[in-house]
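Structure, as C-alpha coordinates:
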Amino acid sequence: MEQQKGKFGNWLRNSITAKLLVIGILALILLIPLSFVKDIIYERSLRQSQVITEINQKWGNEILLSGPILKIPYHYYTEVKEYDKKQEEMITKREEHLSYLYYFPDQLDIDAKVETKPLERSIYKSVVYHSQLKLEGYFPKISSEEFEIPTEDVLWEKASILVKTSNLKGIKSQLEIQLGSLSTQLMPIYNQENLKTLQSEAIAKFAEVKDEKIPFQLHLDMNGSKSLKFIPIGKTTEAKMTSNWPSPSFDGNFLPEDGSREITENGFKADWKILQINRQFEQSFKGNLPDLTQFAFGTNLIIPVDDYQKTDRTAKYGFMVISLTLIVFFLIQLMSKIYIHPFQYLMIGLALVMFYSLLISISEHATYFKAYLIAGSSVLVLIGIYSRFIFKNIKFPLLISCSLAAVYSFIYVIIQLENYALLIGSIGLFMILAIIMFASRKIDWSSAS
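full-length UniProt numbering applies: residue 1 is where the sequence shown begins, and numbers increase by one.
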(Lines of atoms letter the chains of each structure in order from A and count residues from 1; the text may use other names and numbers.)
(Lines give C-alpha, C1' and ligand atoms only; values in the text may rest on other atoms or scores of the structure.)
Protein backbone atom coordinates (compact mmCIF):
# COMPACT_ATOMS: atom_id res chain seq x y z
CA MET A 1 0.00 0.00 0.00
CA GLU A 2 2.79 2.42 0.91
CA GLN A 3 4.51 1.53 -2.36
CA GLN A 4 1.32 2.35 -4.30
CA LYS A 5 1.04 5.68 -2.48
CA GLY A 6 4.65 6.41 -3.31
CA LYS A 7 4.07 5.64 -6.97
CA PHE A 8 1.00 7.88 -7.03
CA GLY A 9 2.94 10.67 -5.32
CA ASN A 10 5.79 10.36 -7.83
CA TRP A 11 3.28 10.35 -10.70
CA LEU A 12 1.55 13.42 -9.31
CA ARG A 13 4.89 15.15 -8.81
CA ASN A 14 6.56 14.25 -12.11
CA SER A 15 3.87 13.53 -14.68
CA ILE A 16 3.04 16.34 -17.10
CA THR A 17 -0.51 15.03 -17.40
CA ALA A 18 -0.96 15.09 -13.63
CA LYS A 19 0.35 18.64 -13.42
CA LEU A 20 -2.03 19.78 -16.17
CA LEU A 21 -4.96 18.11 -14.39
CA VAL A 22 -4.06 19.82 -11.11
CA ILE A 23 -3.73 23.22 -12.82
CA GLY A 24 -7.07 22.70 -14.60
CA ILE A 25 -8.82 21.78 -11.36
CA LEU A 26 -7.30 24.78 -9.56
CA ALA A 27 -8.39 27.11 -12.37
CA LEU A 28 -11.95 25.82 -12.05
CA ILE A 29 -11.84 26.20 -8.26
CA LEU A 30 -10.68 29.82 -8.67
CA LEU A 31 -13.88 30.51 -10.60
CA ILE A 32 -15.69 30.43 -7.23
CA PRO A 33 -13.96 33.49 -5.66
CA LEU A 34 -13.99 35.16 -9.10
CA SER A 35 -17.79 34.76 -9.24
CA PHE A 36 -18.02 36.31 -5.74
CA VAL A 37 -16.11 39.35 -6.99
CA LYS A 38 -18.42 39.60 -10.03
CA ASP A 39 -21.42 39.53 -7.66
CA ILE A 40 -19.90 42.42 -5.70
CA ILE A 41 -19.40 44.39 -8.93
CA TYR A 42 -23.04 43.76 -9.90
CA GLU A 43 -24.28 44.73 -6.43
CA ARG A 44 -22.32 47.99 -6.44
CA SER A 45 -23.46 48.77 -9.97
CA LEU A 46 -27.08 48.16 -8.96
CA ARG A 47 -26.65 50.47 -5.97
CA GLN A 48 -25.24 53.14 -8.28
CA SER A 49 -28.29 52.81 -10.58
CA GLN A 50 -30.64 53.18 -7.61
CA VAL A 51 -28.87 56.31 -6.34
CA ILE A 52 -28.79 57.85 -9.84
CA THR A 53 -32.52 57.15 -10.23
CA GLU A 54 -33.21 58.90 -6.91
CA ILE A 55 -31.09 61.90 -7.94
CA ASN A 56 -32.82 62.14 -11.32
CA GLN A 57 -36.30 61.87 -9.83
CA LYS A 58 -35.62 64.82 -7.53
CA TRP A 59 -33.96 66.91 -10.23
CA GLY A 60 -36.10 65.90 -13.19
CA ASN A 61 -36.42 62.74 -15.28
CA GLU A 62 -36.27 62.31 -19.04
CA ILE A 63 -38.08 64.97 -21.03
CA LEU A 64 -40.47 64.07 -23.85
CA LEU A 65 -42.39 67.04 -25.20
CA SER A 66 -45.37 67.29 -27.54
CA GLY A 67 -47.07 70.52 -28.44
CA PRO A 68 -48.50 73.04 -28.72
CA ILE A 69 -51.84 71.56 -29.83
CA LEU A 70 -55.13 73.38 -30.41
CA LYS A 71 -58.08 71.79 -28.60
CA ILE A 72 -61.54 72.94 -29.65
CA PRO A 73 -64.77 71.50 -28.15
CA TYR A 74 -67.89 70.87 -30.20
CA HIS A 75 -71.38 69.45 -29.74
CA TYR A 76 -72.67 66.44 -31.55
CA TYR A 77 -76.04 64.73 -31.30
CA THR A 78 -77.39 61.23 -31.20
CA GLU A 79 -80.92 59.92 -31.43
CA VAL A 80 -82.16 57.52 -28.79
CA LYS A 81 -85.46 55.68 -28.96
CA GLU A 82 -87.42 55.25 -25.74
CA TYR A 83 -90.80 53.83 -24.89
CA ASP A 84 -93.24 56.44 -23.60
CA LYS A 85 -95.60 54.78 -21.14
CA LYS A 86 -98.12 57.64 -21.22
CA GLN A 87 -98.45 57.68 -24.98
CA GLU A 88 -97.78 53.94 -25.16
CA GLU A 89 -95.46 54.30 -28.13
CA MET A 90 -91.78 54.59 -29.04
CA ILE A 91 -90.46 58.14 -29.21
CA THR A 92 -87.13 59.47 -30.45
CA LYS A 93 -85.06 61.78 -28.27
CA ARG A 94 -82.11 63.87 -29.38
CA GLU A 95 -79.17 63.80 -26.93
CA GLU A 96 -76.39 66.37 -26.92
CA HIS A 97 -72.77 65.29 -26.35
CA LEU A 98 -69.46 67.10 -26.02
CA SER A 99 -66.31 66.09 -27.88
CA TYR A 100 -63.11 67.75 -29.11
CA LEU A 101 -61.17 68.60 -32.23
CA TYR A 102 -57.37 68.68 -32.11
CA TYR A 103 -55.17 70.61 -34.56
CA PHE A 104 -51.40 70.43 -34.92
CA PRO A 105 -49.22 73.30 -36.20
CA ASP A 106 -48.32 73.69 -39.86
CA GLN A 107 -44.86 74.86 -38.82
CA LEU A 108 -43.07 73.91 -35.59
CA ASP A 109 -39.58 75.25 -34.87
CA ILE A 110 -37.77 74.00 -31.77
CA ASP A 111 -34.63 75.58 -30.39
CA ALA A 112 -33.14 73.61 -27.47
CA LYS A 113 -30.13 74.76 -25.46
CA VAL A 114 -28.98 72.09 -23.00
CA GLU A 115 -26.48 72.71 -20.21
CA THR A 116 -25.34 69.57 -18.38
CA LYS A 117 -23.77 69.33 -14.95
CA PRO A 118 -22.85 66.51 -12.52
CA LEU A 119 -24.75 65.89 -9.29
CA GLU A 120 -23.09 63.78 -6.60
CA ARG A 121 -24.31 61.79 -3.63
CA SER A 122 -21.63 60.06 -1.60
CA ILE A 123 -19.38 58.25 -4.13
CA TYR A 124 -22.01 58.23 -6.89
CA LYS A 125 -22.45 60.74 -9.67
CA SER A 126 -25.28 61.47 -12.10
CA VAL A 127 -25.32 63.77 -15.12
CA VAL A 128 -28.36 66.05 -15.25
CA TYR A 129 -29.18 69.06 -17.39
CA HIS A 130 -31.05 72.34 -17.55
CA SER A 131 -32.70 73.11 -20.87
CA GLN A 132 -33.97 76.34 -22.36
CA LEU A 133 -36.59 75.49 -24.97
CA LYS A 134 -38.13 77.85 -27.48
CA LEU A 135 -41.10 76.61 -29.51
CA GLU A 136 -42.53 78.78 -32.24
CA GLY A 137 -44.42 78.39 -35.50
CA TYR A 138 -48.00 78.79 -36.66
CA PHE A 139 -51.30 76.98 -36.85
CA PRO A 140 -53.25 76.89 -40.13
CA LYS A 141 -56.63 78.46 -40.68
CA ILE A 142 -58.99 76.49 -38.49
CA SER A 143 -62.10 75.00 -40.06
CA SER A 144 -64.42 72.23 -38.92
CA GLU A 145 -65.53 71.40 -42.45
CA GLU A 146 -63.05 68.51 -42.86
CA PHE A 147 -64.90 66.72 -40.05
CA GLU A 148 -68.33 67.69 -41.44
CA ILE A 149 -69.26 69.49 -38.24
CA PRO A 150 -71.57 72.52 -38.59
CA THR A 151 -69.83 75.73 -37.55
CA GLU A 152 -72.64 76.58 -35.12
CA ASP A 153 -71.89 73.38 -33.16
CA VAL A 154 -68.25 74.35 -32.58
CA LEU A 155 -67.54 76.15 -29.30
CA TRP A 156 -64.88 78.52 -30.61
CA GLU A 157 -64.90 80.64 -27.45
CA LYS A 158 -63.78 77.57 -25.43
CA ALA A 159 -60.75 76.73 -27.55
CA SER A 160 -57.56 76.06 -25.59
CA ILE A 161 -53.90 75.09 -26.07
CA LEU A 162 -52.35 71.82 -24.91
CA VAL A 163 -48.74 70.88 -24.27
CA LYS A 164 -47.91 67.31 -23.27
CA THR A 165 -44.75 66.33 -21.39
CA SER A 166 -43.32 63.38 -19.48
CA ASN A 167 -41.75 65.64 -16.86
CA LEU A 168 -43.87 68.16 -14.97
CA LYS A 169 -41.50 68.20 -12.00
CA GLY A 170 -38.67 69.59 -14.11
CA ILE A 171 -40.52 72.73 -15.25
CA LYS A 172 -38.84 75.79 -13.69
CA SER A 173 -40.84 78.70 -15.06
CA GLN A 174 -44.42 79.82 -15.51
CA LEU A 175 -45.62 78.79 -18.97
CA GLU A 176 -47.28 81.50 -21.01
CA ILE A 177 -47.98 80.90 -24.68
CA GLN A 178 -48.35 83.75 -27.12
CA LEU A 179 -51.03 82.94 -29.70
CA GLY A 180 -51.13 85.71 -32.27
CA SER A 181 -52.07 88.82 -30.33
CA LEU A 182 -53.47 86.74 -27.49
CA SER A 183 -51.58 85.20 -24.57
CA THR A 184 -52.59 82.64 -21.98
CA GLN A 185 -50.97 80.57 -19.24
CA LEU A 186 -50.68 76.79 -19.24
CA MET A 187 -51.60 74.81 -16.13
CA PRO A 188 -51.58 71.05 -15.44
CA ILE A 189 -54.78 69.03 -15.63
CA TYR A 190 -55.25 65.53 -14.26
CA ASN A 191 -55.03 62.50 -16.51
CA GLN A 192 -53.68 58.96 -16.31
CA GLU A 193 -51.75 59.00 -19.55
CA ASN A 194 -48.01 58.51 -19.86
CA LEU A 195 -47.64 62.12 -21.00
CA LYS A 196 -49.02 64.67 -18.57
CA THR A 197 -51.11 67.52 -19.94
CA LEU A 198 -50.69 71.27 -19.56
CA GLN A 199 -53.74 73.19 -20.77
CA SER A 200 -54.55 76.86 -21.13
CA GLU A 201 -57.71 78.60 -20.08
CA ALA A 202 -60.42 79.00 -22.66
CA ILE A 203 -59.40 81.58 -25.29
CA ALA A 204 -62.52 83.71 -25.46
CA LYS A 205 -61.42 85.71 -28.51
CA PHE A 206 -60.25 82.73 -30.54
CA ALA A 207 -62.99 83.20 -33.15
CA GLU A 208 -61.34 86.52 -34.10
CA VAL A 209 -58.07 84.87 -35.17
CA LYS A 210 -59.15 81.42 -36.45
CA ASP A 211 -59.58 82.50 -40.08
CA GLU A 212 -55.92 83.44 -40.52
CA LYS A 213 -52.60 81.76 -39.82
CA ILE A 214 -52.10 81.80 -36.07
CA PRO A 215 -48.49 82.30 -34.99
CA PHE A 216 -47.44 81.05 -31.56
CA GLN A 217 -44.43 81.27 -29.28
CA LEU A 218 -43.64 79.39 -26.07
CA HIS A 219 -40.56 79.42 -23.81
CA LEU A 220 -39.81 76.66 -21.31
CA ASP A 221 -37.07 76.26 -18.71
CA MET A 222 -36.86 72.61 -17.70
CA ASN A 223 -34.59 70.37 -15.65
CA GLY A 224 -34.09 66.85 -16.92
CA SER A 225 -31.77 63.88 -17.10
CA LYS A 226 -30.78 61.08 -19.47
CA SER A 227 -32.64 62.28 -22.57
CA LEU A 228 -34.45 65.13 -24.31
CA LYS A 229 -36.95 64.20 -27.03
CA PHE A 230 -39.77 65.77 -29.04
CA ILE A 231 -42.75 64.51 -31.00
CA PRO A 232 -42.78 66.03 -34.52
CA ILE A 233 -46.38 67.22 -34.64
CA GLY A 234 -45.70 70.05 -37.09
CA LYS A 235 -46.56 69.60 -40.75
CA THR A 236 -42.96 70.70 -41.00
CA THR A 237 -40.96 70.24 -37.80
CA GLU A 238 -37.49 71.76 -37.58
CA ALA A 239 -35.41 71.39 -34.46
CA LYS A 240 -31.91 72.34 -33.42
CA MET A 241 -30.15 71.32 -30.24
CA THR A 242 -26.89 72.57 -28.75
CA SER A 243 -25.24 71.26 -25.59
CA ASN A 244 -21.96 71.10 -23.69
CA TRP A 245 -22.26 67.29 -23.39
CA PRO A 246 -19.56 65.52 -25.47
CA SER A 247 -21.20 62.07 -25.74
CA PRO A 248 -24.68 62.32 -27.28
CA SER A 249 -26.57 59.34 -28.63
CA PHE A 250 -29.09 60.47 -31.24
CA ASP A 251 -32.15 58.34 -30.63
CA GLY A 252 -35.73 57.91 -31.67
CA ASN A 253 -37.53 57.61 -34.97
CA PHE A 254 -35.52 60.29 -36.81
CA LEU A 255 -31.82 61.09 -36.98
CA PRO A 256 -30.32 64.58 -37.43
CA GLU A 257 -29.87 65.97 -40.92
CA ASP A 258 -26.74 64.89 -42.77
CA GLY A 259 -23.91 67.33 -42.16
CA SER A 260 -25.65 69.04 -39.24
CA ARG A 261 -24.01 66.99 -36.48
CA GLU A 262 -20.98 68.50 -34.81
CA ILE A 263 -19.58 66.57 -31.83
CA THR A 264 -16.47 67.79 -30.00
CA GLU A 265 -15.04 67.43 -26.51
CA ASN A 266 -16.80 70.73 -25.69
CA GLY A 267 -20.27 69.60 -26.72
CA PHE A 268 -22.46 68.96 -29.73
CA LYS A 269 -24.86 70.57 -32.19
CA ALA A 270 -27.50 68.85 -34.29
CA ASP A 271 -30.44 69.81 -36.53
CA TRP A 272 -33.54 67.85 -37.53
CA LYS A 273 -36.12 68.45 -40.27
CA ILE A 274 -39.19 66.20 -40.33
CA LEU A 275 -42.06 66.52 -42.81
CA GLN A 276 -45.60 65.21 -42.47
CA ILE A 277 -44.85 62.69 -45.21
CA ASN A 278 -42.08 61.24 -43.00
CA ARG A 279 -44.39 60.14 -40.19
CA GLN A 280 -47.63 58.19 -40.16
CA PHE A 281 -50.25 60.46 -38.60
CA GLU A 282 -52.50 63.33 -39.62
CA GLN A 283 -52.50 66.99 -38.63
CA SER A 284 -55.90 66.94 -36.97
CA PHE A 285 -57.91 64.49 -34.90
CA LYS A 286 -61.48 64.14 -33.77
CA GLY A 287 -62.51 62.77 -30.39
CA ASN A 288 -59.21 61.71 -28.82
CA LEU A 289 -55.52 62.20 -29.38
CA PRO A 290 -53.60 58.99 -30.18
CA ASP A 291 -50.38 57.98 -28.43
CA LEU A 292 -47.64 59.35 -30.70
CA THR A 293 -44.62 58.66 -28.48
CA GLN A 294 -43.30 56.08 -30.95
CA PHE A 295 -42.53 58.93 -33.38
CA ALA A 296 -40.35 60.87 -30.91
CA PHE A 297 -36.83 61.98 -31.79
CA GLY A 298 -34.02 63.54 -29.82
CA THR A 299 -30.86 62.81 -27.87
CA ASN A 300 -29.75 60.57 -25.04
CA LEU A 301 -27.06 62.17 -22.90
CA ILE A 302 -25.14 59.01 -22.10
CA ILE A 303 -21.98 58.19 -20.18
CA PRO A 304 -20.18 56.00 -22.77
CA VAL A 305 -18.77 53.43 -20.32
CA ASP A 306 -18.85 54.10 -16.58
CA ASP A 307 -16.35 52.59 -14.12
CA TYR A 308 -18.67 49.77 -13.05
CA GLN A 309 -19.23 48.78 -16.66
CA LYS A 310 -15.48 48.85 -17.26
CA THR A 311 -14.79 46.77 -14.16
CA ASP A 312 -17.46 44.27 -15.14
CA ARG A 313 -15.99 43.96 -18.63
CA THR A 314 -12.52 43.55 -17.09
CA ALA A 315 -13.74 40.79 -14.78
CA LYS A 316 -15.05 38.85 -17.77
CA TYR A 317 -11.42 38.33 -18.78
CA GLY A 318 -10.60 37.01 -15.30
CA PHE A 319 -10.62 33.30 -16.18
CA MET A 320 -8.43 33.97 -19.21
CA VAL A 321 -5.86 35.90 -17.13
CA ILE A 322 -5.79 33.21 -14.44
CA SER A 323 -5.43 30.42 -17.01
CA LEU A 324 -2.68 32.19 -18.97
CA THR A 325 -0.70 33.00 -15.82
CA LEU A 326 -0.89 29.43 -14.53
CA ILE A 327 0.16 28.15 -17.95
CA VAL A 328 3.19 30.48 -17.90
CA PHE A 329 4.18 29.08 -14.47
CA PHE A 330 3.62 25.56 -15.77
CA LEU A 331 5.84 26.09 -18.83
CA ILE A 332 8.57 27.65 -16.67
CA GLN A 333 8.29 24.70 -14.29
CA LEU A 334 8.80 22.27 -17.18
CA MET A 335 11.81 24.16 -18.54
CA SER A 336 13.46 24.86 -15.17
CA LYS A 337 12.69 21.46 -13.60
CA ILE A 338 11.68 23.34 -10.42
CA TYR A 339 8.73 21.81 -8.62
CA ILE A 340 5.78 24.12 -7.89
CA HIS A 341 3.36 22.82 -5.28
CA PRO A 342 -0.42 23.00 -6.03
CA PHE A 343 -0.78 25.24 -2.97
CA GLN A 344 1.60 27.73 -4.60
CA TYR A 345 -0.50 27.67 -7.79
CA LEU A 346 -3.55 28.33 -5.64
CA MET A 347 -1.91 31.33 -3.93
CA ILE A 348 -0.94 32.77 -7.32
CA GLY A 349 -4.50 32.33 -8.58
CA LEU A 350 -6.01 34.00 -5.50
CA ALA A 351 -3.62 36.95 -5.96
CA LEU A 352 -4.94 37.29 -9.52
CA VAL A 353 -8.54 37.25 -8.23
CA MET A 354 -7.66 39.99 -5.72
CA PHE A 355 -6.86 42.27 -8.65
CA TYR A 356 -10.58 42.60 -9.43
CA SER A 357 -11.54 43.21 -5.81
CA LEU A 358 -8.91 45.96 -5.56
CA LEU A 359 -10.03 47.40 -8.89
CA ILE A 360 -13.70 47.78 -7.94
CA SER A 361 -12.96 49.18 -4.47
CA ILE A 362 -10.33 51.71 -5.62
CA SER A 363 -12.30 52.83 -8.69
CA GLU A 364 -15.12 54.05 -6.42
CA HIS A 365 -12.74 56.67 -5.02
CA ALA A 366 -10.43 57.36 -7.99
CA THR A 367 -10.45 57.25 -11.77
CA TYR A 368 -10.58 53.89 -13.49
CA PHE A 369 -7.05 54.39 -14.85
CA LYS A 370 -5.59 55.05 -11.38
CA ALA A 371 -7.51 52.11 -9.91
CA TYR A 372 -6.33 49.80 -12.69
CA LEU A 373 -2.74 51.00 -12.32
CA ILE A 374 -2.69 50.57 -8.52
CA ALA A 375 -4.45 47.18 -8.55
CA GLY A 376 -2.33 45.86 -11.42
CA SER A 377 0.95 47.08 -9.92
CA SER A 378 0.08 45.59 -6.52
CA VAL A 379 -0.64 42.17 -8.01
CA LEU A 380 2.46 42.29 -10.23
CA VAL A 381 4.72 43.12 -7.29
CA LEU A 382 3.10 40.45 -5.07
CA ILE A 383 3.37 37.69 -7.69
CA GLY A 384 6.87 38.82 -8.72
CA ILE A 385 8.19 38.61 -5.14
CA TYR A 386 6.38 35.32 -4.49
CA SER A 387 7.79 33.73 -7.67
CA ARG A 388 11.26 34.97 -6.69
CA PHE A 389 11.08 32.70 -3.64
CA ILE A 390 9.78 29.81 -5.77
CA PHE A 391 12.42 29.90 -8.53
CA LYS A 392 15.36 31.19 -6.43
CA ASN A 393 16.49 33.50 -9.26
CA ILE A 394 15.47 36.79 -10.89
CA LYS A 395 15.16 35.66 -14.52
CA PHE A 396 11.87 33.75 -14.29
CA PRO A 397 10.11 36.24 -11.97
CA LEU A 398 10.96 39.01 -14.46
CA LEU A 399 9.53 36.92 -17.30
CA ILE A 400 6.35 36.28 -15.34
CA SER A 401 5.98 39.94 -14.35
CA CYS A 402 6.51 41.10 -17.94
CA SER A 403 4.01 38.54 -19.24
CA LEU A 404 1.39 39.54 -16.70
CA ALA A 405 2.01 43.26 -17.35
CA ALA A 406 1.52 42.65 -21.08
CA VAL A 407 -1.77 40.81 -20.45
CA TYR A 408 -3.10 43.54 -18.13
CA SER A 409 -2.06 46.25 -20.61
CA PHE A 410 -3.74 44.37 -23.43
CA ILE A 411 -7.00 44.05 -21.46
CA TYR A 412 -6.91 47.74 -20.49
CA VAL A 413 -6.62 48.73 -24.15
CA ILE A 414 -9.59 46.50 -25.06
CA ILE A 415 -11.72 47.99 -22.29
CA GLN A 416 -11.10 51.52 -23.58
CA LEU A 417 -12.14 50.60 -27.11
CA GLU A 418 -15.76 50.48 -28.20
CA ASN A 419 -15.95 49.94 -31.95
CA TYR A 420 -12.81 47.79 -32.29
CA ALA A 421 -12.79 45.87 -28.98
CA LEU A 422 -13.79 42.53 -30.55
CA LEU A 423 -11.33 42.86 -33.42
CA ILE A 424 -8.34 43.83 -31.25
CA GLY A 425 -9.27 41.22 -28.65
CA SER A 426 -9.44 38.44 -31.23
CA ILE A 427 -6.09 39.43 -32.76
CA GLY A 428 -4.48 39.66 -29.31
CA LEU A 429 -5.74 36.25 -28.21
CA PHE A 430 -4.52 34.74 -31.48
CA MET A 431 -1.05 36.17 -30.85
CA ILE A 432 -1.01 34.89 -27.24
CA LEU A 433 -1.98 31.41 -28.46
CA ALA A 434 0.77 31.55 -31.09
CA ILE A 435 3.38 32.52 -28.45
CA ILE A 436 2.31 29.65 -26.15
CA MET A 437 2.41 27.17 -29.04
CA PHE A 438 5.88 28.41 -30.04
CA ALA A 439 7.20 28.26 -26.45
CA SER A 440 5.91 24.72 -25.93
CA ARG A 441 6.97 23.28 -29.31
CA LYS A 442 10.00 21.38 -27.94
CA ILE A 443 8.31 19.88 -24.87
CA ASP A 444 8.08 16.10 -24.99
CA TRP A 445 4.42 15.70 -24.01
CA SER A 446 4.69 11.90 -24.10
CA SER A 447 7.29 11.90 -21.35
CA ALA A 448 6.21 11.15 -17.81
CA SER A 449 8.55 13.75 -16.37
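Where a beta carbon is used, it is the ideal one built from N, C-alpha and C, also for glycine.
Bridge-paired residues (DSSP) for R94: E79
Where V22 falls: helix, strand or coil (DSSP): helix
Touching by the beta-carbon criterion (3+ pairs, under 8 angstroms), the region 232 to 250 and the region 154 to 161: no
CA-to-CA distance, L423 to I274, given in whole angstroms: 37 angstroms
DSSP beta-bridge partners of K240: D111 and D271
DSSP beta-bridge partners of S166: Per DSSP, none; premise fails for S166.
Span of the beta strand (DSSP E) around S144: Note, S144: premise wrong, no beta strand (DSSP E); not H, not E.
Backbone secondary structure at G259 - three-state DSSP: coil
Proximity below 7 angstroms, CB of A270 to CB of R261: yes
Alpha helix (DSSP H) segment containing D312, residue limits: D307 to A315
Collapsed DSSP secondary structure at E152 in the structure displayed: helix
Classification of F389 by the beta-carbon crowding that lies within 10 angstroms, buried from 16 upward: exposed
For F410, the nearest candidate out of I171, I427, F295 and K395 (CA to CA): I427
Rounded straight-line distance, which links the Cα of S49 to that of L119: 14 angstroms
Sub-7 angstroms separation of G67 and Q107 beta-carbons: no
Rounded Cβ spacing between G60 and N191 (contact assumed at less than 8 angstroms): Actually they are not in contact, since the Cβ atoms of G60 and N191 sit about 20 angstroms apart, beyond 8 angstroms.
From T299, I161, H75 and R94, residue whose alpha carbon lies closest to that of F254: T299
Alpha-carbon spacing of L179 relative to I142, whole angstroms: 14 angstroms
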